[in-house]
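Participant: Here it is: the structure, laid out below.
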Amino acid sequence: MTSSATDFALSAARQEGWNRPPVIEPDGEGELLELAMGPHHPSTHGVFRMDVALDGERVVRLKPVFGYLHRNHEKIAENTSYLASMPYTDRLDYFCSLTNNWAYALAVEKLVGQAVPERAEYLRVILAELTRIQNHASSIGFLLQEMGASGTPLMYAFREREKILDLFETLTGSRMMCNYMRFGGCRVDASPAWLDATRKVVAGIPEFVDEFERFLRTNEILMARTQGMGILRPELAVNAGVTGPMLRASGVNYDIRKVDHYGIYDRFKFRVPLGDHWDIYDRYMVRMLEMRESIGILEQALKEIPGGPVMDPKAKIRGFRPKPGEAYGRIEAPKGELGFYLISDGSPNPYRYRVRPPSLINLTILEDMCLGHNVADVVLIFGSVDIVLGEVDR
Amino acid sequence: MKTVEEIKAAIETAVPGAQVEIVRNPGPSAQHSLRIGHEFAVQVATFLQDDPELALDFLSNVTGVDWPDKEIAEKVKVTRQVTKTIDGVEQAVEETVEETRKRLEPGCLEVVYHLYSMAKKHGPVVLRMRTANRSDKVNLPSLTRVWRAAEFQEREIFDLYGIVFEGHPDLRRILMWDGFKDHPMRRDYVDPDDYEYEPTAHDEVLAKAHAHQTAAGAVAVPEGGKP
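Protein sequences appear in the order of chains A and B. For the first sequence, the working numbering gives the first residue as 17, with consecutive numbering after it. For the second sequence, the working numbering gives the first residue as 30, with consecutive numbering after it.
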């Protein structure tokens with residue numbers, strides 16, 4: 017059922033308003049129930065509100081409300097130097113600080129034309145794929161949690177995540193706020209002992225993934241509640257700018273690691289899993305399969321990692337002033353396309369600093385997916401988008 | 030992928046009357062952009078999306094940029110006639126003086142769209158649009174009809190920069206609260222001394238409570254009830 021992406025571009029047959037959420041007429045008698053889910057609802061993964069209108073149990077309108085965690089990250093970054101924003105990018109998507117670091121470093125390296133040494137590129141790939149595994153594992157853990165399997169399955173995911181966070185802590189000094197990448201390399205080198213410890217952890221992940229996949233494959237309640245729910249059509253997904261596992265679960269083959277080949281991703285062999293039912297279950301299976309592909313990338317990278325410096329010796333650290341110009345750099349973060357857009361006017365601070373947050377843009381189609389479903393399923397559909405509010409509100 | 034010059038030519042043949050201007054990027058990233066006029070923006074966007082060769086079906090990033098009014102000081106050499114007394118005789122002489130002249134370059138607000146193609150796997154094509162000024166002519170056409178991805182991002186630009194997108198289906202503030210007055214991402218925004226102050230329903234409640242108190246400060250007792 018995987019349709020080719022070319023079909024989406026031809027809009028001749030499209031009608032005006034095809035990409036808007038449908039209007040659902042309430043069929044029952046009586047008033048609609050207006051309900052605010054959030055900002056402190058446990059299923060919203062943070063401070064986020066959905067204003068829903070219910071006809072009985074059925075959702076007929078849903079408006080997301082943002083901004084509870086807004087601190088104007090972009091303005092703060094425009095008032096400090098380029099490097100001073102690096103630790104702040106950790107706080108965007110605090111589950112995946114290393115991929116945030118990489119996206120920002122990549123954009124600045126594009127802006128100044130900075131090269132990155134080989135060993136640093138390998139370390140970046142290793143850390144990004146470890147980040148992807150722990151993000152996807154937690155995301156599936158939260159799914160099980162939200163379906164009522166309170167506590168235990170999430171702790172299985174967190175047990176594995178903790179092993180990876182321990183590696184991050186050994187290397188960077190911090191579990192979650194890693195602040196590790198620099199323009200032109202990485203901050204510190206990894207010791208041989210760290211690489212050995214990483215090999216050991218990576219060797220243990222397939223067993224965990226097998227165990228975790230059994231939950232998804234064999235649990236009848238889970239399948240009944242996720243299969244055929246929250247369908248997102250590929251043409252709408254492309255039009256609404258949805259990226260990451262969400263997009264690939266809708267059957268669109270678009271992975272920035274394959275498209276842009278940023279870093280050294282052209283050297284690794286991996287496949288891009290795609291969904292063909294476009295529902296919640298597919299989103300989680302795609303994440304599960306992506307974890308397996310990440311293990312493959314990690315094994316290759318840990319085998320091939322060369323010696324050498326981790327910082328380009330020519331990289332400028334003090335008095336860093338990019339020449340006037342602009343650059344947009346993007347990477348495939350675990351949640352989707354994370355991009356940074358920078359304009360330099362030659363001063364030490366960026367003139368414009370913009371984060372393209374995948375979490376916010378993936379929520380554009382939340383209403384379309386939820387309309388007509390029961391309110392209990394909204395929790396699952398929302399959970400399958402996989403967002404972090406630090407990135408949504410910035 | 031086509032170069033910016035080829036895309037410009039393609040747009041000009043497909044949408045007659047559209048103004049397209051190439052903006053060079055002097056930096057090493059060499060991501061050049063196209064500045065389009067707002068009159069035909071929706072037609073240009075639809076063309077870019079539908080053209081089988083470009084097929085820019087994926088709008089990745091939409092963002093605002095503020096360019097405030099700039100005072101430019103220029104040194105100009107001016108030749109003028111002056112009367113000078115030379116050897117006791119008044120004469121008209123030409124004299125060249127350097128003068129500093131200030132002129133005001135009017136500012137504007139700009140929207141930047143980064144487009145990619147998922148079908149052809151190429152990009153980015155960067156589109157830009159500018160408002161006439163920063164105060165009263167801040168309207169631009171919304172491209173949400175063409176790419177739904179712009180919906181929340183244009184709302185964010187409306188909220189933080191104050192650009193009004195015409196034809197947007199749901200143009201409200203997204204990150205700041207509805208009662209907020211200013212646009213915090215503008216370069217000349219001054220943040221308030223007191224962040225605590227925020228007119229909410231809570232103030233009305235306090236005002237009502239205040240009205241129950243007498244001038245002497247004693248609490249008025251409602252009929253038959255406790256204070």
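Note that beta-carbon positions come from the ideal geometry of N, C-alpha and C, so glycine has one too.
Since Glu310(A) and Arg148(A) are thought to touch, with beta carbons under 8 angstroms apart, how far apart are those beta carbons, to the nearest angstrom?
Facilitator: First, the amino acid is wrong: residue 310(A) is Ser here, not Glu. Right, the Cβ-Cβ distance comes to about 5 angstroms (below 8 angstroms), so this counts as a contact.
Participant: Against chain B, does Glu137(A) count as a neighbour if the rule is that its beta carbon must be under 7 angstroms from one of theirs?
Facilitator: no
Participant: Counting only beta-carbon atoms, is Arg177(B) nearer than 7 angstroms to chain A?
Facilitator: yes
Participant: In three-state DSSP terms, what is Pro169(A)?
Facilitator: In the structure shown, Pro169(A) sits in a helix (DSSP, three-state: H, G or I).
Participant: Among Val94(B), Thr32(B), Ala240(B), whose alpha-carbon lies nearest the alpha-carbon of Asp217(B)?
Facilitator: Val94(B)
Participant: Just list the residues that DSSP pairs Ile51(B) with in beta bridges.
Facilitator: Leu63(B)
Participant: Using Cβ-Cβ distances below 9 angstroms, what residues of the stretch 198-213 of chain B are close to chain A?
Facilitator: Pro198, Asp199, Arg202, Ile203, Leu204, Met205, Trp206, Pro213
Participant: Per DSSP, Ile115(B) is paired with what?
Facilitator: Val118(B)
Participant: Between the stretch 71-87 of chain A and the stretch 322-338 of chain A, can you find at least three pairs of beta-carbon atoms closer than 8 angstroms?
Facilitator: no
Participant: To be precise: take each residue of the stretch 42-58 of chain B, compare its Cβ to all Cβ atoms of chain A, and keep it if any distance is under 9 angstroms. Which residues remain?
Facilitator: Asn54, Pro55, Gly56, Pro57, Ser58
Participant: Cβ closer than 8 angstroms: which chain B residues qualify as neighbours of Gly200(A)?
Facilitator: Correct list: empty, because the minimum Cβ distance to chain B is about 13 angstroms.
Participant: So, is the C-beta of Thr32(B) closer than 7 angstroms to a C-beta in chain A?
Facilitator: no
Participant: Please check if any C-beta of chain B sits within less than 7 angstroms of the C-beta of Ala93(A).
Facilitator: no
Participant: Tell me the rounded alpha-carbon separation between His86(A) and His56(A).
Facilitator: As the crow flies, the alpha-carbon of His86(A) is around 16 angstroms from that of His56(A).
Participant: Report the partner residues of Gly93(B) according to the DSSP bridge assignment.
Facilitator: Val140(B)
Participant: Around the C-beta of Lys351(A), are 16 or more other C-beta atoms found within 10 angstroms, so that it is buried, or is it exposed?
Facilitator: buried
Participant: DSSP three-state label for Ala148(B), please.
Facilitator: coil
Participant: Does Ile296(A) pass the burial test, meaning 16 or more other C-beta atoms within 10 Å, or should it be called exposed?
Facilitator: buried
Participant: Give the secondary structure of Asn235(A) by DSSP, where H, G and I count as helix, E and B as strand, and everything else as coil.
Facilitator: DSSP places Asn235(A) in coil when its eight states are reduced to three.
Participant: Going by C-alpha distance, which of Asp79(B), Arg202(B), Trp96(B), Lys237(B) is nearest Val140(B)?
Facilitator: Trp96(B)
Participant: Using a cut-off of 8 angstroms between C-beta atoms, extract the partners of Ser360(A) located in chain B.
Facilitator: Gly56
Participant: Taking the Cβ atom as the reference point for each residue, do Ala253(A) and Arg177(B) lie within a distance shorter than 7 angstroms?
Facilitator: no
Participant: Going along the stretch 253-269 of chain A in order, which residues come within less than 7 angstroms of chain B, judged by CB to CB distance?
Facilitator: Val254, Asn255, Ala256, Gly257, Val268
Participant: Would Gly54(A) and Met66(A) be called neighbours here (beta carbons separated by less than 7 angstroms)?
Facilitator: yes
Participant: Nearest-angstrom Cα distance between Ile280(A) and Gly200(A)?
Facilitator: Going from the Cα of Ile280(A) to the Cα of Gly200(A) covers about 14 angstroms.
Participant: Can you pull the chain B residues whose beta carbon is under 9 angstroms from the beta carbon of Gly83(A), in chain order?
Facilitator: Neighbours of Gly83(A) on chain B, chain order: Asp188, Arg202, Ile203, Leu204, Met205, Trp206.
Participant: Residues of chain B with CB closer than 8 angstroms to the CB of His86(A), please, in chain order.
Facilitator: Leu204, Met205
Participant: Alpha helix (DSSP H) containing Gly312(A): first to last residue?
Facilitator: 296-320 is the extent of the alpha helix (DSSP H) around Gly312(A).
Participant: Does the separation of the CB atoms of Ser375(A) and Val404(A) fall below 7 angstroms?
Facilitator: yes
Participant: If you compare alpha carbons, which of Thr115(A), Asp106(A), Leu159(A) is closest to Thr60(A)?
Facilitator: Leu159(A)
Participant: For the alpha helix (DSSP H) holding Pro103(A), just list the boundary residues, first then last.
Facilitator: Unbroken alpha helix (DSSP H) run through Pro103(A): 102-105.
Participant: Taking the DSSP output, what are the residues bridged to Leu8(A)?
Facilitator: Examination of residue 8(A) is not possible in this model, given that chain A is present from 17 through 410 alone.
Participant: Inspect the CB distances between the stretch 118-130 of chain A and the stretch 219-232 of chain A and report whether three or more fall short of 8 angstroms.
Facilitator: no
Participant: Find the nearest neighbour of Leu248(A) within the set Ile272(A), Asn269(A), Arg299(A), judged by alpha-carbon distance.
Facilitator: Nearest C-alpha to Leu248(A): Arg299(A).
Participant: Check the Cβ of Gly355(A) against every Cβ in chain B and list those closer than 8 angstroms, keeping chain order.
Facilitator: At a beta-carbon threshold of 8 angstroms, the residues of chain B lying near Gly355(A) are Ser89, Asn90, His143, ordered along the chain.
Participant: Taking the C-alpha atoms as reference points, what is the distance between Arg215(A) and Gly72(A)?
Facilitator: Approximately 53 angstroms between the Cα atoms of the pair.
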